[in-house]
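Data first, discussion second: the structure below is written as structure tokens.
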Amino acid sequence: MATKKSNGELVVKGASSGNLTSLNNQQVAAQLHALAEQVQTGAIRGYEFKQTANSVSFTVDSADGKQRIIKKETVLSGLVRRQTDHVAQQPPAERRKVVKELAQEGLSQVEIAKRTLRSQKTISNDIQKLKDDGEL
1 MATKKSNGEL VVKGASSGNL TSLNNQQVAA QLHALAEQVQ TGAIRGYEFK QTANSVSFTV
61 DSADGKQRII KKETVLSGLV RRQTDHVAQQ PPAERRKVVK ELAQEGLSQV EIAKRTLRSQ
121 KTISNDIQKL KDDGEL
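The structure is reproduced here in structure tokens:
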């Protein structure tokens, strides 16, 4: 599921299926087993797995907390969309600058969370901190 290259980059190995109907229980179980092995070895710190009728996604955080990889496969009307996002962890001050800009543009906390690939709770805390400091 997730391995660390010699350069320290975290890599998520995903399904190679052509559609989600072929992403059967055995394949999902194999991916979860690979994920569990990486948790045991300490290569990853946190993870999330989501499956719906037409999509499967894995979110994996590196052990040092500096990288997050989100791998998603969606099937709609016979079309397969595979997406992998690599996100570097930002220091809180840098993240709050981005949150401040997006909040000033009128985006909701949920919209900001989606754009920054952070949880809504983290965004809520950032906005509260910005308000407490008189920056927002």
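So for the sequence shown, full-length UniProt numbering puts the first residue at 1; every next one is plus one. Positions of the beta carbon are idealized from the N, C-alpha and C atoms, including for glycine. Here the structure is a predicted model, which is why all the values come from computation and not from measurement.
Among the options, which one has its Cα closest to the Cα of residue i?
{"i": "K97", "options": "K114, G106 and D126", "result": "D126"}
{"i": "D133", "options": "F49, L107, R115 and A93", "result": "A93"}
{"i": "Y47", "options": "Q40, L35 and Q120", "result": "L35"}
{"i": "F58", "options": "A29, P91 and T122", "result": "A29"}
Can you round the beta-carbon distance between residue i and residue j to whole angstroms, since I take them to be within the 8 angstroms contact cut?
{"i": "Q67", "j": "Q51", "result": "That belief does not hold up - the Cβ atoms of Q67 and Q51 are roughly 23 angstroms apart, past 8 angstroms."}
CB-CB under 7 angstroms to residue i, same chain, minus the five flanking residues each way: which ones, in chain order?
{"i": "I44", "result": "A2, Q38, V60, D61, S62 and A63"}
{"i": "V65", "result": "Correcting the residue identity first, residue 65 is Gly in this sequence and not Val. Taken in chain order, the residues that qualify are R45 and Q89."}
{"i": "Q120", "result": "Q109, V110 and A113"}
{"i": "Q128", "result": "none"}
Does the distance from the CB of residue i to the CB of residue j come in under 8 angstroms?
{"i": "H86", "j": "I112", "result": "no"}
{"i": "S124", "j": "Q104", "result": "no"}
{"i": "L130", "j": "R115", "result": "no"}
{"i": "N54", "j": "V75", "result": "yes"}
{"i": "Q83", "j": "K72", "result": "yes"}
Only counting the same chain, and skipping five residues up and downstream in sequence, which positions put a Cβ closer than 8 angstroms to that of residue i?
{"i": "L136", "result": "K100, A103, Q104, I127 and L130"}
Apart from the five residues on each side of it in sequence, which residues of its chain come closer than 6 angstroms, Cβ to Cβ, to residue i?
{"i": "F49", "result": "F58"}
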